[in-house]
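Each position in the sequence shown, counted from 1, maps to that position plus 16 in our numbering.
C-beta atoms are modelled at their ideal positions from N, C-alpha and C, and glycine is treated no differently.
Read the structure below first, then the notes.
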Amino acid sequence: MRPTIESYTVALPWYEREDFDRLWELAHDRDEMPRDHDAWHAAAMEVINAWVARGRALQIVTVRPAEFLAWLSERGLPNTAETRRRYVEERATAAGSEMHPRPDLQ
């Protein structure tokens, strides 16, 4: 059995500068998050570089406040690291299912 892209792809959240403060303010675990976008960005780049160095493919999922908060509301979930991870993985999986494989690569 050949490995699939899902077996070596890592889904990571991405927060745009203009969205970061709102997402931080609404997080139930903000005391565990970097306070500003620059600190978050530096940490995110370290994580990205570490995964790339290991040869992993990355799928970056931009987290937008309105969409994410609607997703939380629909499920009755708090805004925590765990639910952000679930949201990113769900979005990445949905995006992956929309991809069409190239016939010459099968």
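Do you know offhand how far P94's Cα is from A73's?
-> For the purposes of this step, residue 94 is identified with residue 78 of the sequence shown, where counting begins at 1. For the purposes of this step, residue 73 is identified with residue 57 of the sequence shown, where counting begins at 1. Going from the Cα of P94 to the Cα of A73 covers about 29 Å.
Next on the checklist: On the criterion of 16 or more Cβ atoms from any shown chain inside 10 Å, does V63 qualify as buried, or is it exposed?
Outcome noted: For the purposes of this step, residue 63 is identified with residue 47 of the sequence shown, where counting begins at 1. By the 10 Å Cβ count, V63 comes out exposed.
For the putative contact between P29 and V79, defined by C-beta atoms under 8 Å, what is the C-beta separation to the nearest angstrom? Your numbering for residue 29 matches position 13 in the sequence shown. Your numbering for residue 79 matches position 63 in the sequence shown. About 5 Å; that satisfies the 8 Å criterion.
| Check whether A27 and A108 have beta carbons under 8 Å apart | In the sequence shown, residue 27 corresponds to position 11, counting from 1. In the sequence shown, residue 108 corresponds to position 92, counting from 1. Yes.
**OP:** Look up D120 in the DSSP assignment and say whether it is helix, strand or coil.
**Re:** Reading the sequence shown from its first residue, position 104 is the one you call residue 120. Any reading at D120 is ruled out, since the residue's pLDDT is 41, under 50, leaving its predicted position unreliable.
- Item | Inter-residue spacing [alpha-carbon to alpha-carbon] between D52 and D45 | On the sequence shown, residue 52 is found 36 positions in, with the first residue counted as 1. On the sequence shown, residue 45 is found 29 positions in, with the first residue counted as 1. Going by the C-alpha atoms only, they are around 14 Å apart.
Roughly how many whole angstroms lie between the Cα atoms of P50 and W56? The residue labelled residue 50 in the question sits at position 34 within the sequence shown. The residue labelled residue 56 in the question sits at position 40 within the sequence shown. If I take the Cα positions, the gap works out to 5 Å.
### Delimiting residues of the beta strand (DSSP E) encompassing V77
Mapped onto the sequence shown, residue 77 falls at position 61. Residues 73-78.
To the nearest angstrom, how far is the alpha carbon of E41 from that of F84? Indexing the sequence shown from 1 puts residue 41 at position 25. Indexing the sequence shown from 1 puts residue 84 at position 68. Spanning the two alpha carbons is a distance of roughly 14 Å.
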